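Protein chains in written order, with the working numbering: chain A, 36 to 288; chain B, 402 to 1082.
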């Protein structure tokens, strides 16, 4: 069925259907990925900004970072409230961790590139992609404009990846379902639409084929090829007549 | 000839086929979009809830902190300002309310109609010293989610439109190659046979209904030719055995009477009749132009990213360089290639042109700086000019003079269709996979176009040896002595091309980017121009022909195109820029075909001397000058007054041209329109 004209048209149209629905799903997936990343990042940026605001109030009152009471409790509470948060840390101007949701990190120095980025980007949040998660941070600036340290929130991308895998699966199912469903309807529709021209071509073939009936020129009664019928009949007649004439000439000598 | 090849029957069948395919593609993409949006809504809402919870916790903590320091809940100071500040940074939150322990709302920020059903509510208790003192209510904005989802819907609509146009192009090609072209061959061969010409056989390229029909006809023709050859052999045998000259003459007379009435093959082989189809180049051309159009919405942004300061040159001028270099290459390469195109034929020329294009796109993707990019764009421009000429030449060579306008309309149809979908899909891809990757996709599409051409236009396809006369330098002198032609070029053609490249290709993407639009959105705006030209150009051409008012339509069209760009002076906004592109598109759609019709009308003497085609060639080259200088004019205007002044300046230039053109013709009332047949595309 798929080797003929109908097959070629069906393959073309189904291929276009596949591309259209596939591209729709692919673009949808990418859009979802961006939207999800924006929403998730927005949440952690809010948490980050909230902690920074709390720190700013105390710092502007002249309290040293290390002397902030209740800060550890706030960090722990925020981490407990959101299972995607891996780590929240506050560091001083040297990059030394002064508060952390992971107590063992207190006193350690943050990686060099984090500290450099933190003190280069002082007006807005900075972001890093690490192997096991994302890190976003804000720099603390004193009322005299000097960098005092900063706060970071590290969150896992495992949950995002899991969600993306699930959505990928869902979109895959939608794509296959839609293509299969509409593909079947399309195939049947095309077979019906293409039926008439196919029958006409077949009728023409049979009509011409009847000229080839052994022993004669059985002329079909198909009006479409009337002229051809007359012409072939005349040609066959003329050749037969010429044959007779030649045999006649040959016989007479 | 046959009932099937009857045009009414074919039209009905093709209409049914296209309606079926369109309806099912729309339904399929619509269903997919609906289901995808439903899934996204289901999955994104919990994420927004989590953010709302984080905001609620923060607010509750601040209020509890105040309460723990002895400030009563109802006497908190500056709460609404604080809530407003929280709201400002979080567009996904519709409102935040603080209610006391009795449930009365004491403080609120955000939308006042938050009781509306389009919001999700999240409530968190406020506890101070172990006692509940109130509740924080955070409402999530469904409008925000809808905005996110509407982006997906727009993308789906664009993909659907692109898929439909591609489906139509592919169907046209499949139908042309598999059905129309063979049917045309069958019709011609059967018609010749019906007049007694049995020299031809039909090509059997497939084993479908048409292939089988061709096989059957070939058997019939072969049998008749065998019968004839047998007769000739018998006659020859009889003739050779005779010494009587009168009998020899009798035998020869029998055969010659037969050959006077009928034509049979001279040798043993029948000649294969293979008709050419103008559609053979339509799909490859569509894909090729599509590849170029994809970069329209982001090219100036891409150039800006590669820009490093150059002494003595503003950034705007530098951004204009690759665009102008592309246009200049087309203008220079076109007449050079035109002179040699006929020697190699359209197929070879297309394939030759595809090579620099592919290299140009891939090179553009990996360009390290502005000058690299200029070099790659020059290559792409050269390829573009060669391919464009090859396809135009193929149509001209393989269509009769009386159907050449239809052939050119089909050619322009492919260009317009690519202009509609290319920018839109290019914008989406640039947003999602990046600008460099989109250039790689363009290169891949050029490869696909070349492969499609190899498949659709076999090397043995009939290619006439003699081509059209090419433009010479002396032709410019002859044509430019006509004041009507000069007025058309100076007031209409050049200003409009300046505005097309200066505004649409250069300024609009930069301006839209500055107004905060993504590449997808820029692509959608630029698609408006393509859609206007694709939909309205044929209608405008028909209308102008019917009212015999090409000059007036050109004047009004260009006036509209220019006027539409002026309202941006009121306020620099995306909406007014969209209006500008829309008017620009409508105006150009109105004036493109009538402009071409005006060319022979404006210089009848030059047409008589050089021919219409040469005069049109001169016109094309001159208007391309406008394309080259367009980006520089735009960058100059940006330097003077920014993008608003540049946009309005482009509009003013086109409008002034239209007014001067109108005044010129008012001052020459004797120059009545002479309607020439068959010149509008």
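A virtual CB, placed ideally from N, CA and C, is assigned to each residue, including glycine. Treat the numbers as computed from the prediction; the structure is a model and nothing was measured.
- By the neighbour-count definition (other C-beta atoms within 10 Å, threshold 16), residue 925 of chain B is a buried residue.
- Annotation for residue 162 of chain A: the continuous beta strand (DSSP E) segment containing it runs 161 to 165.
- If you draw a straight line from the Cα of residue 987 of chain B to the Cα of residue 954 of chain B, it comes to about 11 Å.
- Counting only the Cα atoms, residue 964 of chain B lies some 45 Å from residue 446 of chain B.
- Contact check for residue 491 of chain B and residue 79 of chain A: beta-carbon distance about 13 Å, past the 8 Å limit, so the pair fails to qualify.
- Secondary structure of residue 991 of chain B (DSSP, three-state): helix.
- Within the segment 113 to 129 of chain A, the residues whose Cβ lies closer than 9 Å to any Cβ of chain B are, in chain order, 113, 116, 117, 119.
- CA-CA distance, residue 761 of chain B to residue 685 of chain B, rounds to 18 Å.
- Secondary structure of residue 175 of chain A (DSSP, three-state): strand.
- Listed along chain A, the residues sitting closer than 9 Å to residue 434 of chain B by beta-carbon distance are 59, 63.
- Taking a contact to require three or more Cβ pairs closer than 8 Å, the segment 1040 to 1053 of chain B and the segment 881 to 895 of chain B do not qualify as touching.
- With a threshold of 8 Å between beta carbons, residue 93 of chain A makes no contact with chain B.
- Distance from the CA of residue 765 of chain B to the CA of residue 912 of chain B, rounded to the nearest whole angstrom, comes to 22 Å.
- In the DSSP assignment, residue 148 of chain A falls within the unbroken alpha helix (DSSP H) covering 147 to 155.
- Here the segment 775 to 792 of chain B makes no contact with the segment 647 to 654 of chain B; the two share fewer than three CB pairs at distances below 8 Å.
- When DSSP states are grouped into helix, strand and coil, residue 665 of chain B belongs to the coil group.
- The beta-carbon of residue 483 of chain B is placed no less than 8 Å from the nearest beta-carbon of chain A.
- The DSSP-derived three-state label of residue 123 of chain A is strand.
- In chain order, 67 make up the part of chain A whose C-beta sits under 7 Å from the C-beta of residue 441 of chain B.
- Within the same chain, 132, 135 come within 6 Å of residue 141 of chain A by CB-CB distance, once the 5 residues on both sides are set aside.
- Within the segment 555 to 587 of chain B, those residues whose Cβ lies closer than 7 Å to any Cβ of chain A are, in chain order, 556, 557, 560, 561, 564, 567, 568, 571, 572, 575, 579, 580.
- Excluding sequence positions up to five before and after residue 716 of chain B, its CB lies within less than 8 Å of the CB of 705, 708, 710, all in the same chain and listed in chain order.
- If you draw a 10 Å sphere on the C-beta of residue 701 of chain B, you find 16 or more other C-beta atoms in it, and that means buried.
- Against chain A, the beta carbon of residue 628 of chain B has neighbours under 9 Å at 270, 271, 274, 275, 278, listed in chain order.
- Distance from the Cα of residue 164 of chain A is smallest, within the candidate group A:272, A:145, A:191, for A:191.
- Residue 282 of chain A counts as exposed, since fewer than 16 other beta carbons sit within 10 angstroms of its beta carbon.
- Between residue 74 of chain A and residue 448 of chain B the beta-carbon gap is near 5 Å, inside 8 Å, which marks them as a contact.
- With fewer than 16 other beta carbons inside 10 angstroms of its own, residue 471 of chain B counts as exposed.
- Among the residues of chain B, those whose CB is under 9 Å from the CB of residue 233 of chain A are 609, 610, following chain order.
- Unbroken beta strand (DSSP E) stretches of 3 residues or longer found wholly inside the segment 549 to 620 of chain B: none.
- Between residue 971 of chain B and residue 977 of chain B, the beta carbon gap of about 7 Å places them in contact (Cβ cut-off 8 Å).
- The residue among B:527, B:681, B:546, B:693 with its C-alpha nearest the C-alpha of residue 450 of chain B is B:546.
- Contact between residue 848 of chain B and residue 786 of chain B does not hold, since the beta-carbon distance rounds to 19 Å and is not under 8 Å.
- Where residue 473 of chain B is concerned, there is no enclosing beta strand (DSSP E), because DSSP gives it neither an H nor an E.
- At a cut-off of 8 Å, the C-beta of residue 893 of chain B has no neighbouring C-beta in chain A.
- Considering only B:484, B:769, B:962, B:909, the residue with the shortest C-alpha distance to residue 933 of chain B is B:962.
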